[in-house]
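In this note's numbering, the protein residues as written are 618 to 745.
Note sheet for the following structure.
This is how it looks when you write it as structure tokens:
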């Protein structure tokens, strides 16, 4: 039986120092971890109910706000170049690798523009 821990939240830095907001719902003995990435104009808080449902099914969840979204730094909905999003995703994946057990399988669950970013990010760094 999994033991649910309370949601952890805070900020971490992207490659250029932009502060990105995160929320984690980690459970002991998780089958896998879902790294949830939102679409344009969205934020990670919208996925709290999904995180709770997935925790109930034995999956840890981690999610974050891209720059310019939700509680992350940056001008709302603005980037200078698409690579900024890729750097944000790379920082998120690196953070997940730091806090998750090495043997925990990881899956990206992405919505809309988040799916585009995730596809490019995984193509650039499949080992992530």
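Don't be surprised by glycine CBs; every beta carbon is placed ideally from N, CA and C.
None of these values were measured; they are calculated from a predicted model.
TODO: Less than 8 Å between the CB atoms is what I'm expecting for residue 699 and residue 652, so what's the real figure, rounded?
DONE: By one-based count along the chain shown, residue 699 stands at place 82. By one-based count along the chain shown, residue 652 stands at place 35. So it is not a contact: roughly 19 Å between Cβ atoms.
Task: One or two residues paired with residue 740 in a DSSP bridge - done: One-based indexing of the chain shown puts residue 740 at position 123. According to DSSP, residue 740 bridges with nothing at all.
Open item on the list: For residue 686, tell me which candidate among 678, 675, 701 has the shortest Cα-Cα distance.
Closed with: Taking the chain shown and counting its residues from 1, the one referred to as residue 686 is at position 69. The option with the nearest alpha carbon to residue 686 is 701.
Task: Beta carbon of residue 679 nearer than 8 Å to that of residue 705 - done: Numbered from its first residue, the chain shown carries residue 679 at position 62. Numbered from its first residue, the chain shown carries residue 705 at position 88. No, the Cβ-Cβ distance between residue 679 and residue 705 is not below 8 Å.
Open item on the list: Let me check understanding here. Comparing Cα to Cα, which of 694, 659, 660, 643 lies closest to residue 672?
Closed with: Here residue 672 refers to the residue found at position 55 of the chain shown. Of the candidates 694, 659, 660, 643, 643 places its Cα closest to the Cα of residue 672.
Open item on the list: My assumption, with CB atoms under 8 Å, is that residue 748 sits in contact with residue 707. Please give the rounded CB distance.
Closed with: As displayed, the chain neither begins before 618 nor continues past 745, which places residue 748 out of reach and without an answer.
Task: Separation of residue 721 from residue 635, as counted between CA atoms - done: Counting from 1 along the chain shown, the entry for residue 635 is found at position 18. Counting from 1 along the chain shown, the entry for residue 721 is found at position 104. So the alpha carbons of these two residues sit roughly 28 Å apart.
Open item on the list: Distance check for residue 627 and residue 667, CA to CA, integer angstroms please.
Closed with: As a first step, residue 667 is located in the chain shown; it is residue number 50 there, counting from the start. As a first step, residue 627 is located in the chain shown; it is residue number 10 there, counting from the start. Computed Cα separation, rounded: 19 Å.
Task: Those residues which DSSP pairs with residue 626 across a bridge - done: Position 9 of the chain shown, counted from the first residue, corresponds to residue 626. DSSP lists 640 as partners of residue 626.
Task: CB-CB length for residue 650 against residue 677, believed under 8 Å - done: Here residue 650 refers to the residue found at position 33 of the chain shown. Here residue 677 refers to the residue found at position 60 of the chain shown. Contact holds; Cβ gap of about 4 Å.
Open item on the list: So, with DSSP's three-state summary, where would you put residue 699?
Closed with: The sequence position of residue 699 within the chain shown is 82, counting from 1. Looking at residue 699 - three-state DSSP - the assignment turns out to be helix.
Task: Nonlocal neighbours in the same chain, by C-beta distance under 7 Å from residue 703, ignoring five residues either side - done: As a first step, residue 703 must be located in the chain shown, where it is residue number 86. Result list for residue 703: 734, 737, 738, 741, in chain order.
Task: Inter-residue spacing [alpha-carbon to alpha-carbon] between residue 729 and residue 664 - done: Here residue 729 is taken as the residue at index 112 of the chain shown, counted from 1. Here residue 664 is taken as the residue at index 47 of the chain shown, counted from 1. About 14 Å.
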